[in-house]
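All remarks here apply to the structure that follows.
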Amino acid sequence: MFVDEGLPLTEGFFYILLVLYSAPSHGYAIMQHVERMSDNHVRIGAGTLYTALGTLLKKGLIQSTPAPEGADPRRKMYAITEAGQSVLRSEVERLKHMARTAEPILRTERRF
Amino acid sequence: MEHVAHRRLDIWLTWQHEREECRLDQLSERGVHFEKPGFLFPRFHPDSGARYVYRLDYQPPLRTRDAVAEYRALFADAGWEYKGRCQGWQYFRKPWSPQAVVDVYTDRQSVRNWYRRIHRMIGVVLLVELFLAGYEVGLMRAVAPHVWRWAWPLWGFWAGLLVTLGYGFFKIQQKRRGSA
Numbered sequence: 001m002f003v004d005e006g007l008p009l010t011e012g013f014f015y016i017l018l019v020l021y022s023a024p025s026h027g028y029a030i031m032q033h034v035e036r037m038s039d040n041h042v043r044i045g046a047g048t049l050y051t052a053l054g055t056l057l058k059k060g061l062i063q064s065t066p067a068p069e070g071a072d073p074r075r076k077m078y079a080i081t082e083a084g085q086s087v088l089r090s091e092v093e094r095l096k097h098m099a100r101t102a103e104p105i106l107r108t109e110r111r112f
Numbered sequence: 113m114e115h116v117a118h119r120r121l122d123i124w125l126t127w128q129h130e131r132e133e134c135r136l137d138q139l140s141e142r143g144v145h146f147e148k149p150g151f152l153f154p155r156f157h158p159d160s161g162a163r164y165v166y167r168l169d170y171q172p173p174l175r176t177r178d179a180v181a182e183y184r185a186l187f188a189d190a191g192w193e194y195k196g197r198c199q200g201w202q203y204f205r206k207p208w209s210p211q212a213v214v215d216v217y218t219d220r221q222s223v224r225n226w227y228r229r230i231h232r233m234i235g236v237v238l239l240v241e242l243f244l245a246g247y248e249v250g251l252m253r254a255v256a257p258h259v260w261r262w263a264w265p266l267w268g269f270w271a272g273l274l275v276t277l278g279y280g281f282f283k284i285q286q287k288r289r290g291s292a
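Note that the protein sequences, when read in sequence, are chains A and B. End of the first sequence = 112 in the numbering used here, gap-free, step of one. End of the second sequence = 292 in the numbering used here, gap-free, step of one.
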């Protein structure tokens, strides 16, 4: 059902897209935002982020966007694309579907 | 311990990158800090008041200046000081502390992709060397058949090189599987 859409997303991809969903951002801000957003449960290392951004760009889920005036020119800005938004929504639906399937089963008592 | 910046012999093979990181960390703990990569003889600097933790990242050559600047900026923002590159390996360090976050690759997928890049690079080198060895043997047998059987040091060199590369290919394959 979700396989054709490139799902599931890795945890890193999921959080990067989630950060970019609200506003374009640069790499360092993404790292910090992901840590805050996940209550420090998810930390994205520099190597992981660099390769993840490259992969997401290649898949067309994010794109480069001009940096605001006065920003550090070394820091590239990224924005989520329409395709990225769609994949993120599908991933959230997939996770909800899984949780809905699991919850009633987990509420019942185990027989052995 | 030497008290001035110096070069010291430092040989490691691609599949020993974790051991090399450990070695650099241990040297730094003893006050000898890796300063600049160099083929066989990188530069070290003594400073008993500092201690660093080192990490190596394999990256194929980045195509544009912007890509290089962005790559280094990402690491710099994460607290890593860039120390240079050698044979595709990028050297970074940050001041040591017990709480320092030192993982460059933080999820299973990116670790797996990273090993895949290293694996592919060793595979390409192995194929090229195999081709060159085969070409050299064939050429020598055709052009100078009376010489080729006496060129055993050369064959020994090729055999050693190919066996080492094959071993490296196998070791990285194991690490790749271990990260899956």
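Heads up, the beta-carbon is just placed ideally off N, CA and C, and yes, glycines get one too.
{"Query": "Does Thr-10 of chain A have its Cβ less than 8 Å from a Cβ in chain B?", "Result": "yes"}
{"Query": "Would you report the Cα separation of Arg-110 of chain A and Thr-218 of chain B, rounded to the nearest angstrom?", "Result": "36 Å"}
{"Query": "What runs of the alpha helix (DSSP H), each 4 residues or longer, lie entirely inside the region 192 to 268 of chain B?", "Result": "220 to 255 and 257 to 260"}
{"Query": "Are the C-beta atoms of Tyr-50 of chain A and some chain B residue less than 8 Å apart?", "Result": "yes"}
{"Query": "Am I right that Leu-88 of chain A and Leu-18 of chain A are in contact with their C-beta atoms under 8 Å? What's the rounded C-beta distance?", "Result": "7 Å"}
{"Query": "Using beta carbons (cut-off 8 Å, strictly below), is Ala-185 of chain B in contact with chain A?", "Result": "yes"}
{"Query": "From A:Met-77, A:Asn-40 and A:Leu-9, pick the residue whose C-alpha is nearest to that of Pro-24 of chain A; which is it?", "Result": "A:Met-77"}
{"Query": "In whole angstroms, what separates the C-alpha of Ala-114 of chain A from that of Ala-67 of chain A?", "Result": "No answer is possible for residue 114 of chain A: the residues shown for chain A start at 1 and end at 112."}
{"Query": "Within this structure, are the beta carbons of Ala-212 of chain B and Val-165 of chain B separated by less than 8 Å?", "Result": "yes"}
{"Query": "Where Phe-269 of chain B and Tyr-170 of chain B are concerned, what is the direct C-alpha to C-alpha distance, given to the nearest angstrom?", "Result": "27 Å"}
{"Query": "Does any CB atom of chain B fall closer than 8 Å to the CB of Tyr-28 of chain A?", "Result": "yes"}
{"Query": "Is Gly-143 of chain B close to the ligand MG? I mean its beta-carbon at under 7 Å from any heavy atom of the ligand.", "Result": "The ligand content of the structure shown is nil, which means the ligand MG is not present either."}
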